[in-house]
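Asks: Residue numbering for the sequence shown follows this note's numbering, beginning at -12 and increasing consecutively. All C-beta atoms in this analysis are idealised placements derived from N, C-alpha and C, irrespective of residue type, glycine included.
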Amino acid sequence: MFGFRRLLFLFIALVCFAENKAADTSRSKRCMDKSVTPVSCKGATYDGYFMKHPDDCNLFYYCATPQSEAVCVECPNNQQFNAKRRACDAPYRANCNL
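Written as structure tokens, this is what we have:
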């Protein structure tokens, strides 16, 4: 399962990279900007942990390990991060309330 999570992350990162290359600069820049709320992987309970972005429903963080730095990832195609499923999803299913 650990290997699957890493492969899933790499796939998501690749898709997001391709989406960001096609998107306008202001949209793809969002992940590069610092979050208003600090994010740490210290709360990650296992390797390959996904957590919601505290300020943006279209972004999420990936933690390879609890000791690693949180990596910001943007959901493709205007999807939002679904905290229950730990995956990007349609906005009506993601139920993001920021």
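How many angstroms separate the CA atom of R14 from the CA atom of N64?
Replies: Walking along the sequence shown from the start, residue 14 turns up at place 27. Walking along the sequence shown from the start, residue 64 turns up at place 77. Note that R14 scores 43 on pLDDT, short of 50, meaning its location in the model is unreliable and no value can be drawn from it.
Asks: Hey, could you find the ends of the alpha helix (DSSP H) A77 is sitting in?
Replies: Position 90 of the sequence shown, counting from 1, holds the residue named residue 77. Looking at the DSSP string, A77 is not in any alpha helix (DSSP H), and its letter there is neither H nor E.
Asks: Do P53 and Q67 have their beta-carbon atoms positioned less than 7 Å apart in this structure?
Replies: Against the sequence shown, residue 67 aligns to sequence position 80. Against the sequence shown, residue 53 aligns to sequence position 66. No; because the gap between Cβ atoms is not below 7 Å, this pair is not in contact.
Asks: Give the C-beta separation of S55 and C18 to the nearest angstrom, bearing in mind that I take them to be a contact with Cβ-Cβ under 8 Å.
Replies: By one-based count along the sequence shown, residue 55 stands at place 68. By one-based count along the sequence shown, residue 18 stands at place 31. Actually they are not in contact, since the Cβ atoms of S55 and C18 sit about 16 Å apart, beyond 8 Å.
Asks: Between the Cα of R72 and those of G30, K39, V26, Y33, spot the shortest distance and give me the residue it belongs to.
Replies: The residue given as residue 72 occupies position 85 in the sequence shown. That would be K39, whose Cα lies nearest to the Cα of R72.
Asks: With DSSP run on the structure shown, which of helix, strand or coil describes F68?
Replies: Here residue 68 corresponds to residue number 81 of the sequence shown, with the count starting at 1. Strand, per DSSP.
Asks: Looking at C-alpha atoms only, which residue of A31, P25, N82, A74 is the closest neighbour of D42?
Replies: Taking the sequence shown and counting its residues from 1, one reaches residue 42 at position 55. Taking only the C-alpha atoms, the option nearest D42 is P25.
Asks: Measuring CA to CA, which of C59, A51, F47, L85 is closest to A74?
Replies: Counting from one through the sequence shown, the residue named residue 74 turns up at place 87. Comparing Cα-Cα distances from A74 to each of C59, A51, F47, L85, the minimum goes to F47.
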